Amino acid sequence: MRLKPHSYTEVVKALGKLGFRAVRQRGSHLVLKGFFKDRRRTVVVPKHREIAVGTLRGIMFQAGLTVEEFLKLIEEA
Numbered sequence: 732m733r734l735k736p737h738s739y740t741e742v743v744k745a746l747g748k749l750g751f752r753a754v755r756q757r758g759s760h761l762v763l764k765g766f767f768k769d770r771r772r773t774v775v776v777p778k779h780r781e782i783a784v785g786t787l788r789g790i791m792f793q794a795g796l797t798v799e800e801f802l803k804l805i806e807e808a
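Here it is in structure tokens:
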């Protein structure tokens with residue numbers, strides 16, 4: 732499937748399903764922490780109406796997700 736821009740709330744809900752929790756916010760960026768695939772991970776999500784595809788790929792990399800895993804979580808959210 733092709734990746735397209737998603738809203739900040741969709742991304743945070745999807746990551747929340749994996750157990751990521753907000754630990755702090757600085758300006759327009761929210762920092763989430765959690766464990767995924769037996770590793771502690773820190774993910775920074777910008778609070779934008781739409782998050783660009785390149786930024787989404789960076790978020791997926793930080794979280795240890797593939798595009799398919801991420802899109803499945805978004806659909807469920």
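Per my numbering, residue 732 is the first one in the sequence shown, and the count goes up by one each step. No residue lacks a Cβ here, since even glycine has one placed at the ideal position from N, Cα and C. Small disclaimer: the values here were computed from a predicted structure and weren't measured.
- In the structure shown, THR740 falls within a helical segment according to DSSP collapsed to helix, strand and coil.
- Annotation: the continuous beta strand (DSSP E) that includes LYS764 extends over 760-767.
- Here ALA745 is buried, its C-beta having at least 16 other C-beta atoms within 10 Å.
- Going by DSSP, ALA794 is part of the alpha helix (DSSP H) stretching over 784-794.
- Assignment of ALA808 by DSSP, reduced to helix, strand and coil, places it in the coil class.
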